[in-house]
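Here's the structure, in structure tokens; my notes come after.
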Ligand code: C2E
Ligand code: CA
Ligand code: CA
């Protein structure tokens, strides 16, 4: 920089002038010598005119000539002298002028001769180095001068320093007082040197300041978190890039500066950048804000950019300053926000409730959803941006506005109100809710109004309230309502008045359901409920569950209760006709009386249930009033349940065997019948504990034991007689019955053809397909399947058709009724005929008398079973039958 400084050049110029003047001074001694030679002549002439003797003419002439000559010489001398003086003056003037000129120069100058003596120095030089004229004398050794300077603190180098011949130098010397002196020195051809000294301090400070300002600005630019790039418009090359740009472009600054966009970005991205640049240059004012998309690696980045064109002093575009930011994420976010907004609007639009939003400041509609359009009977374009009075007639507007004001005053609390309104011809109920949305400062900003048609909801609510206390099918009060009514009755009776609680059960309703299906069952329940309600004559009637009803009746007890039970039964006498099906339905009733049988709702109902259970045990269609000891029986039953669970493990179960025989012939087999030898209760009949075992599922484990025991027993007989085992329908529902039978046959070695499994139609009533499938697979094992108790239930003939039974056992009821009613004989005859037709052997059970046996013999019944042939007994009792010769059955008549 210094080298190129024009001021430095002026230094050279000055040095050149100096050299010239020094060269002229160098000529001065020669000129003086010439003058001195000339001035020596007059002194020689004077000695030649010495007054020594009188003279002759020739002498005189000679003297005159000599005088003239002397005069001539004197005048020449005078001329020469005057000339000399003039020259000297001129010379002195010239010298003074030169030194004045040199002294007035802004630089310090010093000239050192070949002997290293100071030839010249100007005032400026002395001033720079803190010296005065008095300090220096002409031709003093330069080392002395340096020593002086050293004493003044303006030199700290070696005072014996000598210039190298032929060298020149430019440098800056720092001297005391923080000053900087710029020195340029040239050595002279004949030795010595001339040097120029310039106090550079101010200039240096300024440039230092400039440097720091530049550094400051650069660091500012470098640290702003926005990319800054400056390009020269002329050649399109980057001349500046800040750190953010480096980071964004992933190029170091050295690579960016001097490069063009295409050196940094992909071709396509560079085109976008150049296009943005061109837009900025072409724009009015040279200032544009735009977005540029560039690729970086395999990602696309969106840059928010501002481009400014900087002009030179002639107004020509010179630089392009680009400031840009990577706004990809922000863009994605705002796009997402936009999406979310659209989404929410869509959602609001599809909410089946009218939603309206007003701005509180001017009460104008801001948002109206689709449902609100229909509700307000206006398209939303007619509402948005308008006030209510610009949309609706004054009275309606005034009303709405009034309510809006109320809601705004509530500051964020919801104002709700129900109001009826006509929709078409119908009057419907609406719920309007208004809430003001507050801004950050807590001032109401928006008012949201939601109008909802709550007609259906109110209806549903009252329906639900009804449902909570009523049975959905019959619309009778339910158990909850019944318990509440009981509580109220207890409170009202205050221990003084009696009332009865009836627990009523429909007989055989489950079978109706199973046989005719639930649709018929439901209709039957509805019909039965109507009859019960009619017969109740104002007594409280509730449906407690399935086919169970509860009633409360006051009056003298238990007579009033019994009278009601009787009325109910009479109401059931007439058969029901449901979907062309004629159904008979009976009732069984249990009664508990307040206060003697309990004084709280739960206890009263529980005791009525106990009485009902007892009534069922007695006979279907009976009525039973609670007695204290019944409670004990119920408890016994529970205890028995638990004891039964232990029975198998305690070896309390045994099998009895009852023979089956062909009429007039030998015993063909035995039916295994289980007995429970209870340590305290004695022998408990299967009719008592089998239902208990079925209820608890114990029958599965028990049935397995029975089957294994019976098969094991039969396998031990000498004679290959049949062994019949009863299966409960519950055994068909749990576990793998087929695998069990198979395993037991293998285990005991009993020939499958000897095992006869007795099932009732209950197996097929529950799950027909499953029941049938199991029966088929059992039969596939080679065992025989007998239909037990035929005629006791619904005995659908379809069951006989769907499965090839190996035997049909006519229910003992019919045999026992032989002689008591004519129908029994007809039925037995018909079933025997059916068996013949289907080619299925028929067995008559419960043969107790000779008459019965002879009737069956005359009807050619295949087999018989009953006390008359043989009672169920331990197998030891029939030891000779299974081992020895077969005894013939006594012949009828
Ligand atoms: P069921 O299968 O019909 O068995 C015949 C029932 O009639 C037996 O009653 C038997 O003792 C009785 N009985 C036989 N001959 C006569 C007679 O001449 N007159 C009268 N009045 N009754 C007669 P039990 O042994 O009390 O069995 C009752 C019911 O218990 C059986 O009826 C059967 O359904 C069930 N049961 C008995 N043992 C088992 C068993 O091991 N497993 C299963 N699942 N059920 C069994
Ligand atoms: Ca049986
Ligand atoms: Ca039977």
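Numbering (our numbering), first residue to last: 1 to 893. The beta carbon of each residue, even a glycine, is placed where N, CA and C say it ideally should be.
Assuming residue 808 contacts residue 833 under a Cβ cut-off of 8 Å, what Cβ separation, rounded to an integer in Å, is found between them?
The residue you call residue 808 lines up with position 808 of the chain shown. The residue you call residue 833 lines up with position 833 of the chain shown. Wrong, their Cβ atoms sit about 12 Å apart, outside the cutoff.
Cut-off 7 Å between Cβ atoms - residues of its own chain near residue 50, not counting five sequence neighbours on either side:
One-based indexing of the chain shown puts residue 50 at position 50. At residue 50 the pLDDT is 44, less than 50, meaning the model places this residue with poor confidence; the figure from the coordinates comes in the next sentence. Beyond the five residues adjoining it in sequence on each side, residue 50 comes within less than 7 Å, by CB distance, of no other residue in the same chain.
Taking 8 Å as the threshold (C-beta atoms), are residue 842 and residue 810 in contact?
Here residue 810 corresponds to residue number 810 of the chain shown, with the count starting at 1. Here residue 842 corresponds to residue number 842 of the chain shown, with the count starting at 1. Against a cut-off of 8 Å, the Cβ pair of residue 842 and residue 810 comes out as a contact.
Taking the beta carbon of residue 163 as the centre, do at least 16 other beta carbons fall within 10 Å, making it buried, or is it exposed?
Position 163 of the chain shown, counting from 1, holds the residue named residue 163. So residue 163 ends up on the buried side.
From 667, 666, 690 and 665, residue whose alpha carbon lies closest to that of residue 676:
Taking the chain shown and counting its residues from 1, the one referred to as residue 676 is at position 676. Out of 667, 666, 690 and 665, 690 has the C-alpha closest to the C-alpha of residue 676.
Pairwise C-alpha distance: residue 593 and residue 812:
Counting from 1 along the chain shown, the entry for residue 812 is found at position 812. Counting from 1 along the chain shown, the entry for residue 593 is found at position 593. Distance between the alpha carbons of residue 812 and residue 593: 39 Å.
Indicate, with yes or no, if ligand 1 has a heavy atom lying under 7 Å from the CB of residue 820.
As a position in the chain shown, residue 820 is number 820, starting the count at 1. For ligand 1, not one heavy atom lies less than 7 Å from the Cβ of residue 820.
Here's the rule I'm using: 16 or more other beta-carbon atoms within 10 Å means buried, otherwise exposed. How should residue 905 be labelled?
Outside the shown range of the chain, which is 1 to 893, sits residue 905, and nothing can be said about it.
Segment limits, alpha helix (DSSP H) that includes residue 75
Within the chain shown, the letter at position 75 stands for residue 75. Under the DSSP assignment, residue 75 falls in the alpha helix (DSSP H) whose first and last residues are 57-103.
Proximal residues to residue 860 (C-beta, below 6 Å), its chain only, five neighbours per side dropped:
Position 860 of the chain shown, counted from the first residue, corresponds to residue 860. Contacts found: none.
Should residue 758 be counted as a contact of ligand 2 given a C-beta to heavy atom distance under 7 Å?
Taking the chain shown and counting its residues from 1, one reaches residue 758 at position 758. The nearest non-hydrogen atom of ligand 2 is less than 7 Å from the C-beta of residue 758.
What residues match up with residue 230 in a beta bridge as DSSP calls it?
Start at 1 with the first residue of the chain shown, and residue 230 comes out as number 230. Residue pairing by DSSP places residue 230 opposite 240 and 321 in a beta bridge.
DSSP state of residue 287 mapped onto helix, strand, coil
Within the chain shown, residue 287 is the residue found at index 287, counting from 1. Strand.
If contact is defined by three or more beta carbon pairs under 8 Å, each pair taking one atom from either stretch, is the segment 465-478 in contact with the segment 502-517?
They do not touch, by the three-pair rule.
Contact between the segment 724-735 and the segment 691-711: three or more CB pairs below 8 Å?
With three or more CB-CB distances shorter than 8 Å, the segment 724-735 counts as touching the segment 691-711.
Around the C-beta of residue 876, are 16 or more other C-beta atoms found within 10 angstroms, so that it is buried, or is it exposed?
On the chain shown, position 876 is the one that residue 876 refers to. By the 10 Å Cβ count, residue 876 comes out exposed.
Buried or exposed for residue 227, going by 16 or more other Cβ atoms inside 10 Å?
To locate residue 227, count along the chain shown from 1; it is residue 227. Classification for residue 227: buried.
Is residue 494 helix, strand or coil when you go by DSSP?
Counted from its first residue, the chain shown places residue 494 at position 494. If DSSP states are grouped into helix, strand and coil, residue 494 belongs with coil.
Here's a check: name, in chain order, each residue in its chain whose Cβ is nearer than 6 Å to the Cβ of residue 748, leaving out the five neighbours to either side.
Counting from 1 along the chain shown, the entry for residue 748 is found at position 748. Hits under 6 Å: 711, 712 and 715.
In or out: residue 422 buried (at least 16 other Cβ within 10 Å) or exposed?
Working through the chain shown from its first residue, we reach residue 422 at position 422. Classification of residue 422: exposed, given that the 10 Å Cβ count is below 16.
Residue 609 lies in the alpha helix (DSSP H); which residues open and close that run?
What you label residue 609 is simply residue 609 of the chain shown in a count that begins at 1. First-last of the alpha helix (DSSP H) with residue 609: 601-618.
Residue 161 in three-state terms, based on DSSP
Position 161 of the chain shown, counted from the start, is the residue given in the question as residue 161. Coil at residue 161, not helix or strand.
Going straight from the alpha carbon of residue 854 to that of residue 803, what length do you get?
Here residue 854 refers to the residue found at position 854 of the chain shown. Here residue 803 refers to the residue found at position 803 of the chain shown. Going by the C-alpha atoms only, they are around 31 Å apart.
Does the distance between the C-beta of residue 783 and the nearest non-hydrogen atom of ligand 1 fall short of 7 Å?
Along the chain shown, read from residue 1 onward, the residue named residue 783 stands at position 783. No, since every heavy atom of ligand 1 falls outside the 7 Å radius drawn around the Cβ of residue 783.
Quick one: Cα of residue 248 to Cα of residue 222, how far?
Against the chain shown, residue 248 aligns to sequence position 248. Against the chain shown, residue 222 aligns to sequence position 222. Using only the alpha carbons, I get a separation of about 13 Å.
Given 7 Å as the limit, tell me if residue 812 has its C-beta closer than that to any heavy atom belonging to ligand 3.
Residue numbering aside, residue 812 sits at position 812 when the chain shown is read from its first letter. For residue 812, the shortest separation between its Cβ and any heavy atom of ligand 3 lies below 7 Å.
Residues around ligand 3, please: the condition is that the C-beta lies closer than 6 Å to some non-hydrogen atom of it.
Residues with a Cβ closer than 6 Å to any heavy atom of ligand 3, in chain order: 788, 789, 809 and 845.
Give the DSSP bridge partners of residue 141, in chain order.
By one-based count along the chain shown, residue 141 stands at place 141. Beta bridge pairing from DSSP links residue 141 with 117.
Classify residue 658: buried if its beta carbon has 16 or more other beta carbons within 10 angstroms, exposed otherwise.
Mapped onto the chain shown, residue 658 falls at position 658. Residue environment analysis places residue 658 among the buried positions, since at least 16 neighbouring C-beta atoms fall within 10 angstroms of its C-beta.
Considering only DSSP beta bridges, list what residue 431 is partnered with.
Counting from one through the chain shown, the residue named residue 431 turns up at place 431. In DSSP, residue 431 forms a bridge with 418 and 452.
State the Cα-Cα distance for the pair residue 117 and residue 103, rounded to the nearest angstrom.
By one-based count along the chain shown, residue 117 stands at place 117. By one-based count along the chain shown, residue 103 stands at place 103. Computed Cα separation, rounded: 19 Å.
Enumerate in chain order the residues of its own chain whose CB-to-CB distance from residue 781 is below 8 Å, with the five nearest sequence positions on each side excluded.
Position 781 of the chain shown, counting from 1, holds the residue named residue 781. Same-chain partners within the cutoff: 738, 741, 742, 745 and 752.
Report buried or exposed for residue 416, applying the criterion of at least 16 other Cβ atoms within 10 angstroms of its Cβ.
Within the chain shown, the letter at position 416 stands for residue 416. The residue is exposed, with fewer than 16 neighbouring Cβ atoms inside 10 Å.
Please report the distance separating the alpha-carbon of residue 622 from that of residue 588.
Taking the chain shown and counting its residues from 1, the one referred to as residue 622 is at position 622. Taking the chain shown and counting its residues from 1, the one referred to as residue 588 is at position 588. Straight-line Cα distance between these residues: approximately 5 Å.
If you run the structure through DSSP and keep just helix, strand and coil, what is residue 873?
Locating residue 873 in the chain shown gives position 873, counting from the first residue. Assigned with DSSP and collapsed to three states, residue 873 falls in strand.
Take residue 572 and list the residues in its own chain whose beta-carbon comes closer than 8 Å to its own, dropping the five residues that flank it on each side.
Counting from 1 along the chain shown, the entry for residue 572 is found at position 572. The beta carbon of residue 572 is closer than 8 Å to those of 528, 531, 585, 586 and 587 in its chain, skipping five residues each way along the sequence.
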